[in-house]
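Under UniProt numbering, read the sequence shown as residues 1 to 333, first letter to last.
We put the CB at the ideal spot given by N, CA and C, even for glycine.
Keep in mind that this is a model prediction, so the values were computed, not measured.
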Amino acid sequence: MKILSYGEANIRYTPPGKQLLEQTNQLTYQITGTGVNLLASLGAFGIDTYLLTALPANRIGTMARSQINKYGISDKFIHYKGEFIGSYFVEMGFGERPSMVTYQNRSESAFCKAETADYPIVEAVRAVDLVHICGITALLNEATYETAIRLAAEAKKQHKKVYFDFNYRPSLNKDKTTAEIKERYEALLANSDIVFGGKRDLFELLEMEQGEVGADNFEETIQVFRKRYQIEALIGTERTYEDGKHYLLGFIAGEELQRSTRKEVKTLDRIGAGDAFAAGIIYGDIKQLGTAETLKFAVANAILAHTTEGDVPLMSLEAVYRYLEETHQELIR
């Protein structure tokens with residue numbers, strides 16, 4: 001099975017350790033992005049992966065392509081134009097201080113400057129079995145929105161399964177009203193099969209009323225959502241904090257809502273863990289593991305992603321199954 005993801009590749013800059021930007025004159029960098037993260041994880045599991053994106057036509061683009069290739073992702077459908085790449089800074093939190101993400105101006109990036117006509121959409125969809133679309137792309141500008149819509153429609157035309165991830169970022173959409181966001185997301189939902197999201201996406205972005213199905217009844221609200229938008233399943237995670245510990249569980253809501261066992265999470269770097277969860281779900285779907293086993297696998301991949309630095313989850317199948325078997329070894333020789 002082969003999968004294509006449409007999304008922006010960015011540079012993540014991070015101060016060493018858990019320092020603030022004011023405390024250092026050194027930064028590490030990494031090529032990331034929802035599509036990159038998800039495909040890198042699937043690539044580590046042996047799945048053939050393709051990225052549909054645009055990179056600058058200069059040394060930065062060459063470097064980004066090199067890192068993307070290092071993750072095992074094909075660059076066959078990458079377009080090159082312009083001079084800039086999207087970027088953001090991550091200051092890692094500790095204790096009561098949360099991690100901070102500061103986005104740079106992304107409107108001038110090669111991805112945001114690319115037009116729909118720059119991409120071989122029909123060819124790209126024909127080359128794969130599955131298509132993944134990051135919801136951020138629907139909100140960056142008209143061109144990225146048009147490309148996402150065109151890609152989803154072409155995938156549906158070619159009878160390829162479409163995974164859509166809401167992946168909403170409030171700090172990137174301060175200039176948009178809820179009505180604008182809802183309209184764009186609904187246009188993509190029309191051609192989506194599997195949707196990654198949660199309560200906020202249904203209640204705040206799609207403005208579904210809890211009163212439609214009874215106050216706070218998330219399970220019934222999901223079924224209203226599925227029927228309204230003709231979605232096969234809504235899939236997501238739920239995080240809880242209890243007695244000084246963080247916990248994570250996953251859910252798949254098809255005809256019925258099924259939740260995984262809640263697992264404790266110990267966090268080194270949580271950014272990218274959601275993409276690891278999505279990758280685990282898609283892997284389970286590809287391998288037909290069944291709902292319960294797919295949830296176990298996806299949650300395990302997400303929990304392990306919390307234990308590595310950087311956005312990109314690169315855990316092997318062996319590592320995920322070792323965790324699932326609860327063989328917690330401190331040192332493997």
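Distance, residue j Cα to residue i Cα
i: L304; j: I47; result: 19 angstroms
i: G214; j: R239; result: Confidence at G214 is low in this model, with a pLDDT of 46, below 50, so its placement is unreliable and the value that follows should be read with caution. Taking the straight line joining both Cα atoms gives about 23 angstroms.
i: I282; j: E108; result: 32 angstroms
i: Q158; j: L289; result: 25 angstroms
i: G93; j: T34; result: 21 angstroms
i: F77; j: P120; result: 7 angstroms
i: A143; j: Y168; result: 18 angstroms
i: L268; j: L4; result: 29 angstroms
i: V125; j: F164; result: 15 angstroms
i: D285; j: V101; result: 32 angstroms
Residues near residue i by beta carbon distance below 7 angstroms, same chain, minus five either side
i: K245; result: E264
i: L21; result: P15, F89, E91
i: H79; result: A54, A114, D118, Y119
i: A187; result: I149
For residue i, the three-state DSSP class (helix, strand or coil)
i: R150; result: helix
i: A57; result: coil
i: N37; result: helix
i: L130; result: strand
i: T28; result: strand
i: N173; result: coil
i: V213; result: Bear in mind that a pLDDT of 46 at V213, under 50, signals an unreliable position, so the number given afterwards is only what the model happens to contain. Note: V213 maps to coil in three-state DSSP.
i: R333; result: In this predicted model, R333 has a pLDDT of only 49, less than 50, meaning its place in the structure is not dependable; the value taken from the coordinates is given anyway. Three-state DSSP puts R333 in coil, outside helix and strand.
i: V125; result: helix
Residues near residue i in its chain [Cβ-Cβ closer than 8 angstroms; skip 5 each side]
i: D75; result: L51, R65, I68, N69
i: L42; result: I3, T49, A279, I282, Y283
Residue environment, residue i, which counts as buried when at least 16 other CB atoms sit within 10 Å
i: Y185; result: buried
i: E180; result: exposed
i: S316; result: exposed
i: P170; result: exposed
i: T147; result: buried
Same chain only: Cβ atoms within 6 angstroms of residue i, ignoring 5 sequence neighbours per side
i: E293; result: none
| query | Per the contact definition of three or more C-beta pairs closer than 8 angstroms, is the segment 172 to 179 in contact with the segment 187 to 195? | reply | No contact exists between the segment 187 to 195 and the segment 172 to 179.
| field | the segment 81 to 95 touching the segment 313 to 322, judged by at least three CB pairs closer than 8 angstroms | value | no
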